[in-house]
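Peer 1:
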Amino acid sequence: MQIVSIKWQKQDDKFTSGIMAWDEKRTRLEFLQIQSGERVSWQVTGPRMCIGFANHEAMQVPCPDHARASIGARCKSCDAADFYSSCVRCTGNTCLATPERWETCRITDYVVYLAIFGDSILKVGVSTENRLFTRWVEQGADFGVILERVTGGKLARQIESKIGKLEGIAKQVRSQRKVVMLFKSPDRKSAKELVHAFLKNNGLLNEYPEYMIIPLSKYYAFPNIKRNPYSLFTMRNNSRNLRIVGEVVGMKGSLLITDISHSYQIVDLKGIIGYDLNINESISVEAQSSLEEFF
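Numbering (this note's numbering), first residue to last: 117 to 411.
(1) Starting from D195 and walking both ways along the alpha helix (DSSP H), at which residues does that stretch end?
(2) By alpha-carbon positions, which one of C203, G366, M117, Q288 ends up nearest to W158?
(3) Where does L148 land, buried or exposed, given buried means 16+ other C-beta within 10 angstroms?
(4) Given a threshold of 16 other Cβ atoms within 10 Å of its Cβ, counted over all protein chains shown, does I204 qualify as buried or as exposed?
(5) Between R304 and P325, how many whole angstroms is the CB-CB distance? I'm expecting something under 8 angstroms.
(6) Pull up the distance between the alpha-carbon of E412 and that of T244, whole angstroms please.
(7) Quick check on G280 - is its C-beta less than 8 angstroms from some C-beta in chain C?
(8) Which residues share a DSSP beta bridge with I122?
(9) Using the DSSP secondary-structure output, state which residues sit across from R273 in a beta bridge.
(10) Give the secondary structure of F147 by DSSP, where H, G and I count as helix, E and B as strand, and everything else as coil.
(11) Can you say whether S121 is buried or exposed, counting buried as having 16 or more other CB atoms within 10 angstroms of its CB?
(12) Among the candidates A170, G269, L358, whose CA atom is the shortest distance from the CA of D225?
(13) Cα-Cα, which of A307, R247, S152, V289 is closest to V228?
(14) To which residues of the same chain is G260 closer than 8 angstroms at the C-beta, ignoring the five residues directly before and after it?
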């Protein structure tokens, strides 16, 4: 089966994590749940192939040409056809989306937020209101901060772009930095001090006086592990295979941690999207037909 995305699925006040993948015939998507304590023995093989695209009904469509991936995990044709691609790259200046997508974006409620990683990293981002907590957990954030609620994606992206240019903020946090911060979760007081200092230093305290800080650690079911450092493994475009083995310790964002005889392997599962996954041990499989909830 081919890996399409990493998914955190919200049920009531809990999240389950797993992988979305095309079945062997590439006719439907399946959700492969990853649970702490289970033993895995997976082989990830290349080359990286196009995962397809989301159509205007938010349904995932397999790549019609079964082409090599060239733009992220898609080929050029599928990237151009994807209903959401233009929104991912949007800065709030010129809208490149289809008229249907623009109309939906124009009337949707968005949140401009900060995500806190470890004890020192602040990231700015945008999410639709109904996906906010899922978006934070997908990234592996320790705290989420609501700055502003607005209607319309263009305005939300403009605010994000403005904040992203300020000192002390990031618009992207790479896997290596997330690994370093993996076991440096701040307490609520430290998180508030970090946000307060950022807003004060950039003259934004009066603009966002009622910002909210929300702890997220409870959603990961992640144990307190004291041994480090850990090794990070990712697939590269020229890689042919990667073996993921051991007992699942937990997941934080897209980082999967397994225990191999008291040594730890960390794999950024985002790095294996587009590759084939061979599972040598049983894992829960659930059919999934739509990606609408992802956006």
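Glycine included, every Cβ here is placed at the ideal spot set by N, Cα and C.
Peer 2: If we stick to the structure as given:
(1) Against the sequence shown, residue 195 aligns to sequence position 79. Note, D195: alpha helix (DSSP H), 192-197.
(2) Taking the first residue of the sequence shown as position 1, residue 158 is located at position 42. Ranking C203, G366, M117, Q288 by Cα distance to W158 puts M117 first.
(3) Counting from one through the sequence shown, the residue named residue 148 turns up at place 32. The residue is buried, with at least 16 neighbouring Cβ atoms inside 10 Å.
(4) Counted from its first residue, the sequence shown places residue 204 at position 88. Note that residue 204 corresponds to Val in the displayed sequence, not to Ile. By the C-beta density criterion, V204 is exposed, having fewer than 16 other C-beta atoms within 10 angstroms.
(5) For the purposes of this step, residue 304 is taken as the residue at position 188 of the sequence shown. For the purposes of this step, residue 325 is taken as the residue at position 209 of the sequence shown. At roughly 18 angstroms, the Cβ-Cβ gap does not stay under 8 angstroms, so R304 and P325 are not in contact.
(6) Missing from the structure shown is residue 412; the chain here goes from 117 to 411 and no further.
(7) Of the protein chains in the structure, only one exists, and it is not chain C.
(8) Start at 1 with the first residue of the sequence shown, and residue 122 comes out as number 6. In the DSSP output, where bridge partners are listed per residue, I122 has I135.
(9) Looking up residue 273 in the sequence shown gives position 157. For R273, which the question treats as bridged, DSSP gives no partner whatsoever.
(10) As a first step, residue 147 must be located in the sequence shown, where it is residue number 31. In this structure, F147 counts as strand in the three-state DSSP scheme.
(11) To locate residue 121, count along the sequence shown from 1; it is residue 5. S121 should be labelled buried.
(12) Stepping through the sequence shown from its first residue, residue 225 is reached at position 109. Of the candidates A170, G269, L358, the one whose C-alpha sits nearest the C-alpha of D225 is G269.
(13) Taking the first residue of the sequence shown as 1, we reach residue 228 at position 112. For the residues A307, R247, S152, V289, the minimum Cα distance to V228 belongs to R247.
(14) To locate residue 260, count along the sequence shown from 1; it is residue 144. Excluding positions up to five away in sequence, the list reads Y229, L230, A231, I232, L248, F249, W252, I329, I330, L332.
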